[in-house]
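Q: Protein chains in written order, with our numbering: chain G, 2 to 306; chain F, 2 to 306.
Protein chains: 2
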Amino acid sequence: MISDISISNTDLVDPNLLKTFVTVVRCGSFSVAAQNLQYTQSAVSQQIASLEEDIGATLLTRRPVATTEAGARLLEHAEPILLRLAAARADVARASGQPPEALTVATSALALTPRVAGALRALRARHPRLDLTVQVSAREEVVTAVATGHCEVGLIDGIAAPNDPLRLWDEGTVTAVGVAERDLVVTLPTTHPMASRSSLRLADLVDAWWIDAADVAAPLVALRSLAGTDGLRSAVFYDGIDASGLLALVAAGHGLAVMPADQRLPADVIGVRLASPRLVYRIELLHGRHASEPAAWLADNLSAS
Amino acid sequence: MISDISISNTDLVDPNLLKTFVTVVRCGSFSVAAQNLQYTQSAVSQQIASLEEDIGATLLTRRPVATTEAGARLLEHAEPILLRLAAARADVARASGQPPEALTVATSALALTPRVAGALRALRARHPRLDLTVQVSAREEVVTAVATGHCEVGLIDGIAAPNDPLRLWDEGTVTAVGVAERDLVVTLPTTHPMASRSSLRLADLVDAWWIDAADVAAPLVALRSLAGTDGLRSAVFYDGIDASGLLALVAAGHGLAVMPADQRLPADVIGVRLASPRLVYRIELLHGRHASEPAAWLADNLSAS
DNA sequence: ACAACTTACGGGGGCCGTAACAATT
DNA sequence: AATTGTTACGGCCCCCGTAAGTTGT
Numbered sequence: 002m003i004s005d006i007s008i009s010n011t012d013l014v015d016p017n018l019l020k021t022f023v024t025v026v027r028c029g030s031f032s033v034a035a036q037n038l039q040y041t042q043s044a045v046s047q048q049i050a051s052l053e054e055d056i057g058a059t060l061l062t063r064r065p066v067a068t069t070e071a072g073a074r075l076l077e078h079a080e081p082i083l084l085r086l087a088a089a090r091a092d093v094a095r096a097s098g099q100p101p102e103a104l105t106v107a108t109s110a111l112a113l114t115p116r117v118a119g120a121l122r123a124l125r126a127r128h129p130r131l132d133l134t135v136q137v138s139a140r141e142e143v144v145t146a147v148a149t150g151h152c153e154v155g156l157i158d159g160i161a162a163p164n165d166p167l168r169l170w171d172e173g174t175v176t177a178v179g180v181a182e183r184d185l186v187v188t189l190p191t192t193h194p195m196a197s198r199s200s201l202r203l204a205d206l207v208d209a210w211w212i213d214a215a216d217v218a219a220p221l222v223a224l225r226s227l228a229g230t231d232g233l234r235s236a237v238f239y240d241g242i243d244a245s246g247l248l249a250l251v252a253a254g255h256g257l258a259v260m261p262a263d264q265r266l267p268a269d270v271i272g273v274r275l276a277s278p279r280l281v282y283r284i285e286l287l288h289g290r291h292a293s294e295p296a297a298w299l300a301d302n303l304s305a306s
Numbered sequence: 002m003i004s005d006i007s008i009s010n011t012d013l014v015d016p017n018l019l020k021t022f023v024t025v026v027r028c029g030s031f032s033v034a035a036q037n038l039q040y041t042q043s044a045v046s047q048q049i050a051s052l053e054e055d056i057g058a059t060l061l062t063r064r065p066v067a068t069t070e071a072g073a074r075l076l077e078h079a080e081p082i083l084l085r086l087a088a089a090r091a092d093v094a095r096a097s098g099q100p101p102e103a104l105t106v107a108t109s110a111l112a113l114t115p116r117v118a119g120a121l122r123a124l125r126a127r128h129p130r131l132d133l134t135v136q137v138s139a140r141e142e143v144v145t146a147v148a149t150g151h152c153e154v155g156l157i158d159g160i161a162a163p164n165d166p167l168r169l170w171d172e173g174t175v176t177a178v179g180v181a182e183r184d185l186v187v188t189l190p191t192t193h194p195m196a197s198r199s200s201l202r203l204a205d206l207v208d209a210w211w212i213d214a215a216d217v218a219a220p221l222v223a224l225r226s227l228a229g230t231d232g233l234r235s236a237v238f239y240d241g242i243d244a245s246g247l248l249a250l251v252a253a254g255h256g257l258a259v260m261p262a263d264q265r266l267p268a269d270v271i272g273v274r275l276a277s278p279r280l281v282y283r284i285e286l287l288h289g290r291h292a293s294e295p296a297a298w299l300a301d302n303l304s305a306s
């Protein structure tokens, strides 16, 4: 029996308001946000006004809708808070409901390597009654799916300096274990002047044209930041989720792309090792803090060490 | 204008309910929690019932009140969420209100070293109009004060392995920079058999009696976990915030304590270097993510590197 | 004029307090 | 019997939708 408990003097912030705030910012419009949230514009307007009054600052400029300085600060907090709120619900659901014997694995396209597929097959063999689902989607969606507990396990690929972890967009609730690390190649049409080189430096190719295929090759933003350049022009954006389509574009000369070294390539595309900067292709397995037995087995089985 | 925005399918959890849940767990009683929260017992009961219905699991056993497995999971999420909710409000308040030219520094007792005091004096000189307040309190309170944004800067002391950061109770919203690192001594009465040794190993003293002075010496729980022992018996708990009272107890033979090497000692107490395990005394400065100019100056000026 | 955000106002649901009830010691 | 948690009920407030108003293009 303790008597002087106080969690916070300053009161809490209503997460419903935070949610509409985040949505309004993302949509750039009150009315569009209202549609997504299944509210009227009026309600959204009132909610934002109420949030601003509660916080005591103007959060958004209207027409055009954009965050003020204060709004930007709030946004930095709002998204993780909403994520964690969902994670809390999912986590306790897993702890309370008897093991529902279902495991959903979210994965980005390139992370689903033969080794991973093999592990999933082995998991099926170990747990014949387990309802195992694999969901392929974009990287960000994999992270949020795991962070919110929508999926228990995630697999994600990306580029990083050797032995460095991928820097995720999340913080705290998700833990990552390395699954694989490989060299990178620049994919070129066989007719490309550099196609005969045995290795390439990214610096030699900053003025080339690139294909920005966020889901199926190394994202250009990541390449730029890791290479410390703001070159790597791009005019072609590939939203597909299969490598063959991208490789067809490469073959046709629409641009270059960086892919893992073991990617199978068609005859008219060649992969040249990327020697500098020293970057590797990494695959990581993500999971929440309390893994079920099948999830833990998968993590153990796939961990690189 | 984007059209397919969705933050989470599963809905949010009401933080007011989380707050009463946390309070009930901490108090171990619905009725005591109700007093602290300024509610009736009835309201608390209804809130917990409502939370349990919302989540879909029993969170607490009644009589005695304790968390179920599901409740424990929820608790792990609830506290950081509430902290962050408060942090969000404080952070935007700082960003929006014109610089209120007030800086509150929370600090644990031992962290307020001459060097720190000097830096604070220099800060006063640099910003004559700044309303600088220093608040000395227990370690946990310093952390939560910074995490919630109640104070912009915190100073905290503790023991750790050399070059390791202190492991804080928080995650994410607070960043720490090292301020100082010193050797540790075991303080003994001069009459103690070990008083003439030039250095000591903690292993030699696991069976001695210790004074548990959480705020003004190395906390025994920390020593135990870092030393990997469950010895270090204690019968004297010192809640004071000044070292001299503790040292009087040591002199009187009530027990031993571990303190930083540069602590001034009275004539009847001697400090013997702690050689094993290799531990150091560390002071860190904590701050939120967006520091005001005075806070940033303080952090720069005190950082150890 | 129209598109988009704000304000006014009324209805309904949720939340808390009072009070009666149940259960555990 | 006393203490503690639960259930019943009623009032109040808050929140959303409708609809009219305002502002910027």
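Glycine included, each C-beta is placed from N, C-alpha and C at the ideal position. Computed from a predicted model, the values in this text were never measured in an experiment.
Does the beta-carbon distance from L169 of chain F to V144 of chain F come in below 8 Å?
A: yes
Q: Looking only at its own chain, which residues have a Cβ that is under 7 Å from the Cβ of Q48 of chain F, when we skip the five neighbours before and after it?
A: If the five residues before and after Q48 of chain F are omitted, its C-beta is found closer than 7 Å to the C-beta atoms of L18 and T21, all from its own chain and listed in chain order.
Q: Quick one: Cα of R290 of chain F to Cα of L124 of chain G, how far?
A: 42 Å
Q: How about P295 of chain G: is its C-beta nearer than 8 Å to some C-beta of chain F?
A: no
Q: Among the residues of its own chain, which have a CB less than 7 Å from the CB of A120 of chain G, if the five just before and after it don't count?
A: L299, N302 and L303
Q: Listed from N- to C-terminal order along the chain, which residues in the segment 85 to 117 of chain G have their beta-carbon within a distance smaller than 9 Å of any beta-carbon of chain F?
A: R85, L86, A87, A88, A89, R90, A91, D92, V93, A94, R95, A96, S97 and G98
Q: Can you give, in chain order, each stretch of the beta strand (DSSP E) that sits fully within the segment 198 to 285 of chain G and has at least 3 residues?
A: 200 to 202, 210 to 213, 234 to 238, 258 to 261 and 270 to 277
Q: In angstroms with no decimal places, state the Cα-to-Cα distance between L38 of chain F and S235 of chain G.
A: 57 Å
Q: Here's the rule: buried if 16 or more other CB atoms are within 10 angstroms of the residue's CB, otherwise exposed. What is S245 of chain F?
A: The residue in question, S245 of chain F, is exposed, as its Cβ has fewer than 16 Cβ neighbours within 10 Å.
Q: Can you give me the C-alpha to C-alpha distance between L286 of chain F and R140 of chain F, rounded to a whole angstrom?
A: 12 Å
Q: Are D269 of chain F and T188 of chain F touching if we call contact CB-CB under 8 Å?
A: Contact flag unset, no.
Q: Secondary structure at A181 of chain F, three-state DSSP: helix, strand or coil?
A: strand
Q: Here's a check: name, in chain order, each residue in its chain whose Cβ is nearer than 8 Å to the Cβ of A296 of chain G, leaving out the five neighbours to either side.
A: L104, E153, V154 and H288
Q: Please state whether DSSP places H291 of chain G in a helix, a strand or coil.
A: coil
Q: Excluding the five sequence neighbours on either side, which residues of its own chain have a C-beta within less than 8 Å of the C-beta of N10 of chain F, listed in chain order?
A: With a pLDDT of 42 at N10 of chain F, under the threshold of 50, the predicted position of this residue should be treated as unreliable, and no value is reported.
Q: Since H291 of chain F meets chain G, which of its residues come closer than 8 Å, beta carbon to beta carbon?
A: R74
Q: Suppose you measure from the CA of G158 of chain F to the CA of S51 of chain F; what does that come to, to the nearest Å?
A: Going by the sequence as given, residue 158 of chain F is Asp instead of Gly. Those two C-alpha atoms are separated by around 41 Å.
Q: Roughly how many angstroms lie between the CA atoms of R122 of chain G and R265 of chain G, to the nearest whole one?
A: 22 Å
Q: Whole angstroms is fine: what's the gap from A215 of chain G's alpha carbon to S138 of chain G's?
A: 11 Å
Q: Return the Cβ separation of V273 of chain F and V217 of chain F in integer angstroms, given the expectation that the two are a contact with Cβ distance under 8 Å.
A: Going by Cβ atoms, the distance from V273 of chain F to V217 of chain F rounds to 19 Å, so no, they are not a contact pair.
Q: So, with DSSP's three-state summary, where would you put Q136 of chain G?
A: Residue state, collapsed to three classes: strand.
Q: Determine the direct distance from the alpha carbon of V66 of chain G to that of S32 of chain G, and round the result to whole angstroms.
A: 11 Å
Q: Mind checking who G159 of chain F pairs with in its DSSP beta bridge?
A: F:R283
Q: Taking beta-carbon pairs under 9 Å, can you tell me which members of the segment 46 to 61 of chain G lie near chain F?
A: D55, I56, G57, A58, T59 and L60
Q: Nearest chain F C-beta to H288 of chain G closer than 8 Å, yes or no?
A: no
Q: Taking C-alpha atoms, which residue in G:T134, G:P129, G:S30 and G:T114 lies nearest to A107 of chain G?
A: G:T134
Q: One question on the structure: do P16 of chain F and P81 of chain G come within less than 8 Å of each other, judged by their Cβ atoms?
A: no
Q: Would you kindly work out how many angstroms separate the C-alpha atoms of D5 of chain F and A34 of chain F, rounded to a whole number?
A: Because D5 of chain F carries a pLDDT of 40, less than 50, the predicted location of this residue cannot be relied on, and the following value inherits that uncertainty. In a straight line, the C-alpha of D5 of chain F is about 42 Å away from that of A34 of chain F.
Q: Express the C-alpha separation of G150 of chain F and D308 of chain F in angstroms, rounding to a whole number.
A: Not covered by the structure: residue 308 of chain F. The range shown for chain F is 2 to 306.
Q: If I'm right that A262 of chain G touches R183 of chain G with Cβ under 8 Å, what's the distance once you round it to whole angstroms?
A: Contact holds; Cβ gap of about 5 Å.
Q: Is there a Cβ of chain F sitting closer than 8 Å to that of E142 of chain G, yes or no?
A: no
Q: Could you tell me the boundaries of the alpha helix (DSSP H) in which T21 of chain G lies?
A: P16 to C28
Q: What does a CB cutoff of less than 8 Å around Q136 of chain F pick up in its chain, not counting 5 residues either side in sequence?
A: T105, V106, A107, T108, A146 and C152
Q: Tell me, to the nearest whole angstrom, how far the beta carbon of L201 of chain F is from that of L275 of chain F; I am working on the premise that it is less than 8 Å.
A: Confirmed, about 6 Å.
Q: Tell me, which residues are paired with V106 of chain F by DSSP?
A: V106 of chain F pairs with F:V135 and F:V154.
Q: Which residues in the same chain as T24 of chain F place their Cβ atom closer than 7 Å to its Cβ, once the five residues preceding and following it in sequence are excluded?
A: A34, N37 and L38
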